[in-house]
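Numbering (UniProt numbering), first residue to last: 1 to 432. We treat Cβ as the ideally placed atom computed from N, Cα and C, and that holds for glycine.
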């Protein structure tokens, strides 16, 4: 019986061994699978965390771009801010890097912000942004030359395009020519020794050649009128010079901050809106792009092929360059609009001296306004229009008034002080 029992237990022992091996194998396989699952989960979690981190970096870059476009200084923006901020690259943030790129002009921009992880992973965000649209304020320059108290016009000086208005006697000399109409609003005022391509309106006309009609009171001496003579005519209506709200434009310039001391900007730089507590000097081929009104408490000097050009975002509008002191433009220095019709820089000073605005030696191409002082154009100097208390044109100086007369409704573009800053455009945000 015992032998039988011993014989019967041998198969059971073998079966138990086999079962143990199978169970151990199952447990080992399950363990390996569990380890693989855990490892895979950790990898997924790591990839997810990396994606979250690079996304957060990109989002931070987007927010920084908006901050710098709205900033009033460049301390936290790589030195540039506002209109001049176009992005940054290689910004370290934690163990990641942020790259920011901004394109566009005017009141619309597009931002691309990219977050880079420590092992090269990246997430990018792109969005369009905009700010409150620019506001235009209108001013009028109805005449190519408008002068109130004294005028000198000689030595081949020429006025083309627009009419001339004078509240003082107007005497021409040495082949000076006026292409359009002339109005002398001074009671008893005289038009003397002038060549006029249009009509002439004055109480007295003497030694002049007029291609159009002639309107005068009773004094007509030594003149030739190709049109019709009209005697016993009333004196032309007196008018005021164009005006600019000086305080308003001062406030607009202050939006961009203040530069203390005399300033000579580097070549190919941007300027405005800004107040400069000192002189502004451009020399030796220095080119500056004007982004807004510029207020200079001292003098403005441009010489030797230097230029100030309105940014293309001004379109068909202009802006103001103003000084408490005087302007001196010489040696091929130029002031240019945006490149579109009716876009000009208005040069303004309330200075009352005879040196208020002096343009000579092939310089010019702006609208000059000196309600208290004198504008002098000489030696091939040019202008779009001149309105001044006193004026002198000589030695081939030219005023080439806007041929389509758009200066009668010229718009000066500003950004309102109350305007909101840059903001994301709804529906343009996207991740890639």
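Judged by DSSP in its simplified three-state form, residue 77 adopts coil rather than helix or strand. Ranked by how close their Cα comes to the Cα of residue 193, the residues 181, 174, 201 have 174 in first place. Relative to residue 251, the option among 272, 302, 99, 377 whose CA is nearest is 272. Ranked by Cα distance from residue 139, the options 427, 117, 385 are led by 385. Comparing alpha carbon positions, the residue from 241, 183, 209 closest to residue 233 is 183.
DSSP places residue 170 in the uninterrupted beta strand (DSSP E) bounded by 170–173. Beta-bridge partners assigned by DSSP to residue 431: 125. Sequence-distant partners of residue 331 (beyond 5 residues in either direction) whose C-beta falls short of 8 Å from its own C-beta, in its chain, are 303, 304, 305, 361, 362, 363.
By the Cβ-count criterion, residue 66 is buried, with 16 or more other Cβ atoms from all chains shown falling within 10 Å of its own Cβ. Look at residue 141 here: in three-state DSSP terms it is coil, with no helix or strand label. If you ignore the 5 residues before and after residue 223, its C-beta comes within less than 8 Å of the C-beta of 205, 206, 207, 208, 209, 210, 214, all in its own chain and listed in chain order.
The C-alpha of residue 57 lies about 38 Å from the C-alpha of residue 276. Under a 10 Å Cβ-count criterion, residue 334 is classified as buried, with 16 or more other Cβ atoms of the shown protein chains found around its own Cβ. Within the DSSP secondary-structure output, residue 275 pairs in a beta bridge with 258, 295.
Taking C-beta atoms as the reference points, residue 151 and residue 392 count as a pair closer than 9 Å. A distance below 6 Å between beta-carbons, with the five flanking residues on each side excluded, links residue 69 to the following residues of its chain, in chain order: 85, 422. Within a 10 Å sphere around the beta-carbon of residue 327 sit 16 or more other beta-carbons, which makes this residue buried. CA-to-CA, the gap between residue 255 and residue 198 works out to about 45 Å. In the DSSP assignment, residue 216 falls outside any beta strand (DSSP E), carrying neither H nor E. By the neighbour-count criterion, in which 16 or more other beta carbons inside 10 Å mark a residue as buried, residue 64 falls on the buried side. Closest in alpha carbon position to residue 296, among 425, 320, 220, is 320. Along the segment 287–364, the alpha helix (DSSP H) does not occur as any fully enclosed run of 4 or more residues. In the DSSP assignment, residue 391 falls within the beta strand (DSSP E) that extends over 385–394. For the set 145, 188, 353, 111, the Cα lying nearest the Cα of residue 428 is the one of 111. In the structure shown, residue 113 adopts extended strand secondary structure according to DSSP, grouped into three states.
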